[in-house]
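Numbering (the working numbering), first residue to last: 262 to 396.
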């Protein structure tokens, strides 16, 4: 599940993967290289994870696989797809507020899925500190 964000501008197909999901996918989070991205008038440290293959899977259709640069910003909990990747995947945003979209060249309007948040909470259980994951 990913948020399609046309305001997330990039020169190459790029996907933001939250740190918790990156860890679950097996990315090494040690010695990550940081770049600074300008976002809404400020800068954020963005960690380069590497490259992934991405595709859209709908109930009756799939896109082609697209190679995308994977990055992560601490504190951002949604998977985000940037504008270049949106185009490469053949996604057309029809009504963003209503959550309607379609594949390029099709008439059928599709409904967006519910948002998915990859957050990590620390919970104290019987005196021990455990990671409690929610998504």
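Every residue, glycine too, gets a C-beta built ideally from N, C-alpha and C.
Residue burial classification, residue i (beta-carbon count within 10 angstroms, cutoff 16)
i	result
residue 362	buried
residue 274	buried
residue 379	buried
residue 303	exposed
residue 307	buried
residue 283	buried
residue 333	buried
Sequence-distant residues of its chain with Cβ nearer than 7 angstroms to residue i (five each side left out)
i	result
residue 317	323, 324, 350 and 352
residue 217	Residue 217 lies beyond the residue range present for the chain, which begins at 262 and ends at 396; the question has no answer from this structure.
residue 344	267, 269, 270 and 271
Spatial neighbours of residue i in its chain, beta-carbon cut-off 8 angstroms, leaving aside the 5 residues before and after
i	result
residue 314	326, 327, 328 and 329
residue 312	328, 329, 330 and 331
residue 337	277 and 279
Cβ-based neighbour list, residue i, same chain, cut-off 6 angstroms, excluding 5 preceding and 5 following
i	result
residue 341	264, 266, 269 and 277
residue 262	374 and 377
residue 296	307
Range covered by the beta strand (DSSP E) that runs through residue i
i	result
residue 294	294-300
residue 467	Because the chain here runs from 262 to 396, residue 467 falls outside it and cannot be looked at.
residue 310	303-315
Residue i beta carbon near the ligand GDP (any heavy atom closer than 7 angstroms)
i	result
residue 337	As for the ligand GDP, it is missing from this structure, which has no ligand bound.
The alpha helix (DSSP H) enclosing residue i, as first and last residue numbers
i	result
residue 280	280-285
residue 345	344-350
Which runs of the beta strand (DSSP E), 3 residues or longer, sit entirely within the segment 353-381?
361-364
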